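Notes follow the structure.
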Amino acid sequence: NAGVTQTPKFQVLKTGQSMTLQCAQDMNHNSMYWYRQDPGMGLRLIYYSASEGTTDKGEVPNGYNVSRLNKREFSLRLESAAPSQTSVYFCASSEESWGYTFGSGTRLTVV
Amino acid sequence: QQQVKQSPQSLIVQKGGISIINCAYENTAFDYFPWYQQFPGKGPALLIAIRPDVSEKKEGRFTISFNKSAKQFSLHIMDSQPGDSATYFCAAGNDYKLSFGAGTTVTVRA
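Those protein sequences? They're chains A and B, same order as listed. Each number in our numbering corresponds to the 1-based position in the first sequence with 147 added. Position 70 of the second sequence, counting from 1, maps to 67 under our numbering, and the rest follow consecutively.
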């Protein structure tokens, strides 16, 4: 009963490096999301995928790309990391009932 | 600019007391208003949610009050317990997207 699994849990990058955050859900949900959480800012939507094969920008998409690989997996890529992307990243999934299930997060530091 | 404004940023309450967190929104198209609870090092978890056709929803010690005309909603935690110490986020949304408030850190003193 895994729910939403995110990898890695922690990552330190140097400015300009690239990386991909992985997310997988086993609840057969159609919709998946990437949020970032910063102190005093709450959770801000980066990208979402309403269904397999579709992706759309959220509030803060600049500097990120996403891939909905299949119904289970939704990855977030940072092509050239910047210190402003230091944050905790959460993946979530949901079905039409609207209840979001969040992963446990990836804590990313860009130095 | 945040579409959902949440206050206070933090609060301290004695065990057995009432915690109240308030949120306001602007977009009248929003039709779903959930609250999430987050413990340190964990992802947020759905606590309780309401739709605009009702003014109040209660689940155990947690109650949402909703005022559609004022575009405000609030979370009341009755008989607060030390285990309720967490960060609480309100959210509002439609079309499968949610906008979140900035969060309120609640500390319950024994």
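For each residue, glycine too, the CB sits at the ideal point set by N, CA and C. Please read all numbers here as calculations on a predicted model, not as lab measurements.
Under a three-way DSSP split, which group does residue i fall into?
i        : result
B:Ser82  : coil
B:Pro31  : strand
A:Gln153 : strand
B:Ser77  : coil
A:Gln232 : helix
B:Thr101 : strand
A:Thr256 : strand
Report the residue from the options whose alpha carbon sits nearest the alpha carbon of residue i.
i        : options                             : result
B:His73  : B:Gln(-1), B:Tyr29, B:Leu8          : B:Leu8
A:Val151 : A:Gln164, A:Phe157, A:Cys170        : A:Cys170
B:Lys0   : B:Val105, B:Tyr93, B:Ala89          : Strictly speaking, residue 0 of chain B in this sequence is Gln, with Lys absent from that position. Nearest C-alpha to B:Gln0: B:Ala89.
B:Ala46  : B:Gln6, B:Ser77, B:Ser71, B:Ser4    : B:Ser71
B:Pro79  : B:Ala26, B:Thr101, B:Gln11, B:Trp32 : B:Gln11
A:Gly205 : B:Ser82, B:Asp76, B:Lys94           : B:Lys94
Excluding sequence positions up to five away, which residues of its chain have a Cβ less than 6 Å from the Cβ of residue i?
i        : result
A:Val235 : Gln184, Gly252, Arg254
A:Asn212 : Arg224
A:Ala197 : Ser178
A:Thr154 : Gln169
B:Pro37  : none
B:Glu53  : Ser62
With residue i as the anchor, note down where its beta strand (DSSP E) starts and where it stops.
i        : result
A:Ser214 : 211 to 215
B:His73  : 69 to 74
B:Asn64  : 59 to 64
B:Ile17  : 16 to 22
A:Thr185 : As written in the sequence, residue 185 of chain A is Asp, which differs from the Thr given in the question. Unbroken beta strand (DSSP E) run through A:Asp185: 178 to 185.
B:Glu56  : 53 to 56
A:Gly189 : 189 to 196
A:Val207 : No beta strand (DSSP E) holds A:Val207; DSSP gives it neither H nor E.
For residue i, write down the residues that DSSP places opposite it in a beta bridge.
i        : result
A:Thr248 : A:Ser240
B:Ala46  : B:Pro31
B:Gln3   : B:Cys20
A:Phe221 : A:Arg215
A:Gln169 : A:Thr154
B:Asn111 : It is not possible to answer for residue 111 of chain B, since the shown part of chain B is limited to -2 through 107.
B:Gln11  : B:Arg106
By Cβ distance, which residues of its chain are closer than 7 Å to residue i, with the 5 residues on each side in sequence left out?
i        : result
A:Pro208 : Ile193, Tyr194
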